[in-house]
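A.B. asks:
There are 2 protein chains.
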Amino acid sequence: MTSAARAETPAPRRSGRTRAEKSQATRERILDVAEGEFSRHGMDGVTLRAVARKARVDTALLHYYFDSKKGLFDAVFLRRAEVLNKDRMEALDRYEAEAGDAVTVEGAVAAFLNPVLDRCANAGPGWRAYFALIGVVNNTPLWGGETMTRYFDPVIHRLIKVVRRALPEAREEDLFWSYHMLSGSLTLTLAETGRIDTLSGGICRSDDIAAVGPRMIAYAAAGFRAVCRPGGDQPSA
Amino acid sequence: MTSAARAETPAPRRSGRTRAEKSQATRERILDVAEGEFSRHGMDGVTLRAVARKARVDTALLHYYFDSKKGLFDAVFLRRAEVLNKDRMEALDRYEAEAGDAVTVEGAVAAFLNPVLDRCANAGPGWRAYFALIGVVNNTPLWGGETMTRYFDPVIHRLIKVVRRALPEAREEDLFWSYHMLSGSLTLTLAETGRIDTLSGGICRSDDIAAVGPRMIAYAAAGFRAVCRPGGDQPSA
DNA sequence: GTCTATAAGATGATAGAC
DNA sequence: GTCTATCATCTTATAGAC
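Residue numbers (the working numbering), protein chains in the order written: chain A, 1160 to 1396; chain B, 1160 to 1396.
The following block contains the structure:
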């Protein structure tokens, strides 16, 4: 149980671990458990006792490592944000360099989404829980918007910059609103609520990333064009 | 404060109220307060004490009317769902009757969205809080999907039926996935998290429904076409 | 580092007076 | 209907032993 980090990082040899290594392992184990709990129940639905019990430590240890409940939440959010942001930035850089003047909206959106979709499909339950957490936070009133801003604004601005090369005549507000629509589609997908499963009578599954990925790219790219280039989307033909 | 219901329903004359009327007024006042609290803090972030204090009643009265915290939440959710569903169904019926064989994706999506967007812009803070609550619930893991299904599935199936008339060759799964994208965009908008405000440096505002409405319709309609009719969306020209 | 013990207060819910 | 009083439990957090 809760073997996300152990499954994703090379396991240190069992004997001969230094104190620092053991401490680090405990810290990561707490983060893994907290990540899962927060993603399922939200910030207020989780108690430190539940996290401590599942991580097989005492609640006092959570305070030792993360000070407060909010501190634990922030640590969970930050851990993978750094990895993801670096990856997305590089993907956008790479795409822009490769495409040259032939940048398309599809290409930009794909470069932005693929680091998420690929991990969602392949990188194990830890990342999956993290993405579900993002899905919850993005739709959280009061502090959700501020939190997303704090961690993810730079890469969004990078995306918009690339999209603008494909739609040079687009107005700023149209680009931002279009991203807003994409953001909603993406984070609802990441939340994996199972709603599409029952709505569709089983035809679609929330966890079928391979099915939703290409459709999200096509849907969003067409949406960007329709909003940012009125007349660019042809209702007929 | 918390004058949503009083502002939206004709005020009964102050004297000569029957006991039943006073009871009903208290019940509605509790629902109004709970609606606001749940929409801002989510199910687990709200305490019955906070609701009782703001509604100027005792917590025991909440249990008298709604049995439990979950009962109160469900009552909040149901109250406006009935009104909204009826309105959306009629809007879709009306559009289909008017358009005849000239049904368009834009028209169907607009008929589906307008009852929400119009209320969001004009119907007062009560409806606004309710929509924010929908935004939170739609992205809530574990029970969010089930709750949305319970209250809103019929009208979604009605929407898809109308869209299918505009896209007769569309496959079922493409229609459902497209709706899924629209659902994410809509509920993020309804949550009004303020994220777009800071992301755009003030160019866009979360509460500017007049700005987001037309863009959501254009974005979603183009997305439906791109997903459901491959080749129907033209990247160039 | 990790645990025991405990503080200090909040929580959902109920029984019963009026 | 509405309130007072109260219960049993749970909550975050801290002090200090080992």
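Quick reminder that beta carbons are idealized off the backbone N, C-alpha and C, glycines included.
Fair warning: this is a prediction, and the values are worked out from it, not measured in the lab.
I'd like to know if Ser1342 of chain A contacts chain B, where contact means its C-beta is closer than 8 Å to some C-beta of that chain.
C.D. replies: Output row for Ser1342 of chain A: interface = yes.
A.B. asks: By Cβ distance below 6 Å, which residues in the same chain neighbour Arg1278 of chain B in space, the five residues on each side in sequence not counted?
C.D. replies: Here the set comprises Trp1286.
A.B. asks: For the alpha helix (DSSP H) that contains Asp1260 of chain A, what are its first and last residues?
C.D. replies: Where Asp1260 of chain A is concerned, there is no enclosing alpha helix (DSSP H), given that its DSSP letter is neither H nor E.
A.B. asks: Could you tell me the distance, in whole angstroms, from the CA atom of Phe1383 of chain A to the CA atom of Gly1266 of chain A?
C.D. replies: If I take the Cα positions, the gap works out to 12 Å.
A.B. asks: Between the segment 1213-1241 of chain B and chain A, which residues of the former have CB atoms less than 9 Å from a CB of the latter, in chain order?
C.D. replies: The residues in question: there are none.
A.B. asks: Round the Cβ separation of Leu1207 of chain B and Leu1221 of chain B to the nearest angstrom and send it over; I've been treating them as touching at under 8 Å.
C.D. replies: Indeed, because the Cβ distance is near 5 Å, the residues count as touching under 8 Å.
A.B. asks: Taking the alpha carbon of Met1307 of chain A as the reference point, which residue from B:Ala1288, B:Arg1354, B:Arg1323 has its own alpha carbon closest?
C.D. replies: Per the Cα distances, B:Arg1354.
A.B. asks: Are Val1216 of chain A and Ala1193 of chain A close, meaning C-beta to C-beta below 8 Å?
C.D. replies: Against a cut-off of 8 Å, the Cβ pair of Ala1193 of chain A and Val1216 of chain A comes out as no contact.
A.B. asks: Cβ of Ala1280 of chain A within 8 Å of Cβ of Tyr1254 of chain A?
C.D. replies: Going by C-beta atoms, Ala1280 of chain A is not nearer than 8 Å to Tyr1254 of chain A.
A.B. asks: With Pro1284 of chain A as the anchor, note down where its alpha helix (DSSP H) starts and where it stops.
C.D. replies: Where Pro1284 of chain A is concerned, the enclosing alpha helix (DSSP H) stretches over 1284-1297.
A.B. asks: Does the pairing of the segment 1344-1351 of chain A with the segment 1291-1298 of chain A give three or more beta-carbon distances under 8 Å?
C.D. replies: With a cut-off of 8 Å, the segment 1291-1298 of chain A and the segment 1344-1351 of chain A count as touching, because enough Cβ pairs lie within range.
A.B. asks: Of all the options A:Gly1230, A:Val1321, A:Ala1219, which has the alpha carbon lying nearest to the alpha carbon of Asp1252 of chain A?
C.D. replies: When each option's Cα is compared against that of Asp1252 of chain A, the closest is A:Val1321.
A.B. asks: What are the complete alpha helix (DSSP H) segments, minimum 4 residues, inside the segment 1294-1341 of chain A?
C.D. replies: DSSP runs (the alpha helix (DSSP H)) wholly in the segment 1294-1341 of chain A: 1303-1325.
A.B. asks: So, are the CB atoms of Tyr1289 of chain A and Arg1239 of chain A less than 8 Å apart?
C.D. replies: It is a contact, given that the beta carbons lie within the stated cut-off.
A.B. asks: State the Cα-Cα distance for the pair Met1375 of chain A and Met1248 of chain A, rounded to the nearest angstrom.
C.D. replies: The straight-line gap from Cα to Cα measures roughly 20 Å.
A.B. asks: If the cut is a Cβ gap below 7 Å, which residues of chain B does Gly1353 of chain A touch?
C.D. replies: The answer, in chain order, is Gly1304.
A.B. asks: Using a Cβ-Cβ cut-off of less than 7 Å, list which residues of the segment 1305-1319 of chain A approach chain B; keep chain order.
C.D. replies: Within the segment 1305-1319 of chain A, the residues whose Cβ lies closer than 7 Å to some Cβ of chain B are Met1307, Thr1308, Asp1312, Ile1315, listed in chain order.
A.B. asks: Output yes if chain A places a C-beta closer than 8 Å to the C-beta of Ala1329 of chain B; else output no.
C.D. replies: Not an interface residue.
A.B. asks: Name the chain B residues that come within less than 9 Å of Asn1297 of chain A, Cβ to Cβ?
C.D. replies: The contacting residues are Asn1298, Leu1347, Ala1350, Thr1352, Arg1354.
A.B. asks: What whole-angstrom Cβ distance do Cys1387 of chain A and Leu1334 of chain A have, given they're in contact under 8 Å?
C.D. replies: About 6 Å; that satisfies the 8 Å criterion.
A.B. asks: Taking Pro1389 of chain B as part of the alpha helix (DSSP H), name the residues at either end of that continuous run.
C.D. replies: Counting along the chain, Pro1389 of chain B falls outside any alpha helix (DSSP H), and DSSP gives it neither H nor E.
A.B. asks: In angstroms with no decimal places, state the Cα-to-Cα distance between Ala1164 of chain B and Thr1218 of chain B.
C.D. replies: Only weak support is given to the placement of Ala1164 of chain B: the predicted model assigns it a pLDDT of 45, under 50, and the question is left unresolved by the model.
A.B. asks: Please classify Ser1227 of chain A: does DSSP put it in a helix, a strand, or coil?
C.D. replies: Of the three classes helix, strand and coil, the one that applies to Ser1227 of chain A here is coil, per DSSP.
A.B. asks: In the DSSP assignment, the alpha helix (DSSP H) including Val1192 of chain B goes from what residue to what residue?
C.D. replies: Here the alpha helix (DSSP H) through Val1192 of chain B covers 1178-1204.
A.B. asks: Can you tell me whether Ser1365 of chain A is buried or exposed? The criterion is at least 16 other CB atoms within 10 Å of its CB, across all chains shown.
C.D. replies: Its Cβ being crowded by 16 or more others within 10 Å, Ser1365 of chain A is buried.
A.B. asks: Measuring straight from C-alpha to C-alpha, what distance separates Ala1179 of chain B and Thr1185 of chain B?
C.D. replies: Going from the Cα of Ala1179 of chain B to the Cα of Thr1185 of chain B covers about 10 Å.
A.B. asks: Using a C-beta cutoff of 8 Å, does Glu1332 of chain B count as contacting chain A?
C.D. replies: For Glu1332 of chain B, the answer is yes, since a Cβ of chain A falls inside 8 Å of its Cβ.
A.B. asks: Between Ala1377 of chain B and the rest of its own chain, which residues show a CB-CB distance below 8 Å, the 5 nearest in sequence each way excluded?
C.D. replies: Counting only Cβ-Cβ distances below 8 Å, and skipping sequence neighbours, we find Glu1265.
A.B. asks: Distance, Cα to Cα, Pro1327 of chain A vs Glu1332 of chain B?
C.D. replies: Each residue's alpha carbon lies about 34 Å from the other.
A.B. asks: Determine, using beta carbons only, whether Thr1352 of chain B and Thr1299 of chain A come nearer to each other than 8 Å.
C.D. replies: Yes. Within cutoff.
A.B. asks: Please identify, using Cβ separations under 8 Å, the residues of the segment 1191-1209 of chain A that lie next to chain B, in order along the chain.
C.D. replies: Taking 8 Å as the Cβ-Cβ cut-off against chain B, the residues of the segment 1191-1209 of chain A that qualify are Ser1198, Arg1199, His1200, Gly1201, Met1202, Asp1203, Gly1204.
A.B. asks: Need the endpoints of the alpha helix (DSSP H) that Arg1215 of chain A sits in, please.
C.D. replies: Looking at the DSSP string, Arg1215 of chain A is not in any alpha helix (DSSP H), and its letter there is neither H nor E.
A.B. asks: So is Met1160 of chain B in contact with chain A if we call contact Cβ pairs under 8 Å?
C.D. replies: Caution is warranted here: a pLDDT of 40 is assigned to Met1160 of chain B, below 50, making its placement in the model unreliable, and the coordinate value is therefore given only provisionally. No - not a single Cβ of chain A is within 8 Å of the one on Met1160 of chain B.
A.B. asks: May I ask you to report which of helix, strand or coil DSSP gives Ile1362 of chain B?
C.D. replies: It is coil, neither helix nor strand.
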